[in-house]
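Participant: Counting along the sequence shown from 1, when you hit position 195 you're at 196 in the numbering used here, and nothing is skipped either side. We treat Cβ as the ideally placed atom computed from N, Cα and C, and that holds for glycine.
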Amino acid sequence: MNERAHVEYFDWLRIIAALSVIFMHTAAGPLRAGINTSWHLLNVCTSLAFTAVPLFFMMSGYLLMTSRKTADISVLLRHRLPRLVVPLAGWTVVAVLWQMFLAHTLTPGAIRAQLVAALNGPVMVHFWYLYTLIALYVLSPILYGGIRTLGKPGRVYLFVLAAAVSVHTVLLTVLPDGAAQYVDLDIFGKLKIFGGHMATFVLGYLLGSYEKKIPNWLLVLGAAGTLAVISVGTWLLTVRTGEFNQNFQNQSSGFEIVLAACIFLLCKQTCNRPPRAWVRAALGSVVSLSMAIYLMHNIFLSMLYSVAASPRSFGGTVGVTLLVFAACFAVTKTVATVKPLCYLATGKTYAEACRIQKETGATFIHPFDDPMVIAGQGTIGLEIMDDLPDVDAIVVPIGGGGLASGVAAAVKMLHPNVKVIGVQASGAAGMKASMDAGHVVALDAAKTIADGIAVKKPGELTFELCSRYVDEIVTVDDDEIAQAILFLMERGKMVAEGAGAAPVAAIMNHKFDVSGKVVAVISGGNIDVTMISRIIEKGLLRAGRMTKLRILMQDRPGQLEMASRIIAAEGANVMVVHHDRTDVDLDIRDAILEITMETQDREHAQRVIHALREGGFKVS
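(1) Do you know how far the Cα of residue 380 is from the Cα of residue 447?
(2) If I measure Cβ to Cβ from residue 24 and keep anything under 6 Å in the same chain, skipping five residues before and after, which residues do I get?
(3) Among 113, 621, 369, 272, which residue has its Cα nearest to the Cα of residue 8?
(4) Look at the Cβ atom of residue 407, then the Cβ atom of residue 375, and state whether they are nearer than 7 Å.
(5) Which runs of the alpha helix (DSSP H) spanning at least 4 residues fall entirely within the region 441-525, listed in chain order?
(6) Is the Cβ-Cβ distance between residue 500 and residue 398 less than 7 Å?
(7) CA-CA distance, residue 580 and residue 568?
(8) In angstroms with no decimal places, state the Cα-to-Cα distance between residue 432 and residue 102.
(9) At 3 residues or longer, what runs of the beta strand (DSSP E) sit wholly inside the region 201-234?
(10) Using DSSP's beta-bridge definition, name the partner residues of residue 394.
(11) Can you give the beta carbon distance from residue 404 to residue 386, rounded, assuming they're within the 8 Å contact cut?
(12) Using the DSSP secondary-structure output, state which residues sit across from residue 598 in a beta bridge.
(13) With which residues is residue 591 paired in a DSSP beta bridge?
(14) Go through its chain and collect everything with a Cβ distance to residue 474's Cβ below 7 Å, but skip five positions before and after it.
(15) So, is residue 39 buried or exposed, given that buried needs 16 or more other C-beta atoms within 10 angstroms?
(16) Ignore the nearest five residues each way along the sequence and tell me which others in residue 119's own chain have a CB closer than 6 Å to its CB.
(17) Anyone know if the C-beta pair for residue 258 and residue 201 falls short of 7 Å?
(18) Does residue 41 pass the burial test, meaning 16 or more other C-beta atoms within 10 Å, or should it be called exposed?
(19) With DSSP collapsed to three states, give me the class of residue 425.
(20) When you compare each of 149, 458, 27 to residue 43 by their alpha carbons, which one comes out closest?
(21) Could you tell me whether the region 591-609 touches the region 551-558, using the rule of 3 or more Cβ pairs below 8 Å?
(22) Which residues mark the beginning and the end of the alpha helix (DSSP H) in which residue 565 is found?
(23) Do residue 329 and residue 297 count as a contact pair if the criterion is CB distance below 7 Å?
(24) Return the residue from the list 621, 596, 33, 12 that minimises the CA-CA distance to residue 313.
(25) Starting from residue 33, trace the alpha helix (DSSP H) in both directions and tell me its first and last residue.
(26) Evaluate contact between the region 504-521 and the region 534-546, counting only Cβ atoms and requiring at least three cross-stretch pairs below 8 Å.
(27) How about residue 533 and residue 502: do their beta carbons lie closer than 7 Å?
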């Protein structure tokens, strides 16, 4: 089997599952408070939210069962298990300290006792998921080997076996206590690997590998019907027992697995196209922290409830859910920026991309802060020196700094006397700000039409190289960039994007000493057609080659003809004419003539305006 590509719909499933887990735990209080109007809506939403756990297991099952490295025990021990165990241990310590702080039992001996107890079971109820997932990870090489050895029939056999073993979870629920002990096969205690979770784990692989398409309407119908059974069953049991009863919502009932399977397939069939770049970026940011958010959310909930009452309504529950999700994301994202804490909190490091590269054979390429990227872009400097060895200055655009650092390093090593001038957009001058500060700094925003250099934070390597080899960094604004784009189109017959035109803008506006032989690196032509149209119009207006006039005239025959004759006599060409006599601010005897005309330059436009005024017209 070929190594899988990125599974697009998993990003959506992880977001759904993460929000569902937080909602489920937030709604627990209101649901136990008694049946009211909000209770029924919360019950339906919670019944849907309980699919979070099966979905997480399904995704893990598919990812592990489709990876060739699953059979490699060394990968399991060195990479996969630490990514689960380390964050679990880290957040367990945080949870223990917080719980003991609330209980006023924060002593070294009590802390040690609680941490030892964590070896036997989770210190917070939601941590059980990681305990079980760790056990399934340990079993994954065996499951993987069984699937590969037995082939397609083996997948079915394996699932049937897992499901058959899982029957004991149902029996434990329905049998009397005295009889239940004889069917408890879970020799690993809290891990529950012989529960329904192993079956769900394998089911994820089967669903993800299933190639035939099931009609979406059938999946929606199945999901709605199952959700109705769970919701109504939960309500009836709650009424009968007099307290909130979750037997229908528990995974052991089987209904939640069916519902999760429907949602899994719906996302697979409808959400597997790559989203837009900004959507993918937002999703990726949340997905990368999903496990940390899961581990933290109940801790944050307990912190919140220590100073405020739990919500009692559906709206309050939704609000708290979103608040907790946002707070957990903000905290974990902040923690993840601290290198010593990143792996401890999230199980991920910056080297994660490198690990994925080694496991999958893919290639990770940083857009600018990479030695090979910099070296490749530096060949531009070598070409310039080959073609023009007596060049005095080279002007290069700077965003993240890859191009500038490469060109500058190459040129300076050959000809140290050649100046290298970096150009940034004034709305995204991150490298200049970093150079001024003496260290890498990040801007709050990067706003410029030169999107190729719209970078808030330069690279560490590129900053070091630019600091060493770039002689000066100047900035140009968007108007100057637009002027340069127009100049290159008209005079150079060259379509340049904003980043590519930035060096030319710096030269045209004398941002530095341009004496001698100067080379501008025009780095790209990726510009939108609509942007070109706006730039052309604005550039012509700025240069006086297109002029818009507002002429006040008497509303009588011959005035329009007279104005046209004057404009024609001065050699201007009328492009657009708009005659208006209905403006409420106009005198009843006046009219407004709005004209857009082609002119040679600003002086020519002024001559036309002067001639119109000499003819008795008021021009603005």
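Facilitator: Concretely, from the data shown:
(1) 28 Å
(2) 50, 322
(3) 272
(4) yes
(5) 461-470, 479-492, 499-509
(6) yes
(7) 16 Å
(8) 45 Å
(9) none
(10) 420, 519
(11) With 8 Å as the limit, residue 404 and residue 386 do not qualify as a contact, their Cβ atoms being about 16 Å apart.
(12) 548, 575
(13) 555
(14) 399, 423, 425, 432, 433, 436
(15) buried
(16) 93
(17) yes
(18) exposed
(19) strand
(20) 27
(21) yes
(22) 560-570
(23) yes
(24) 33
(25) 9-33
(26) no
(27) no
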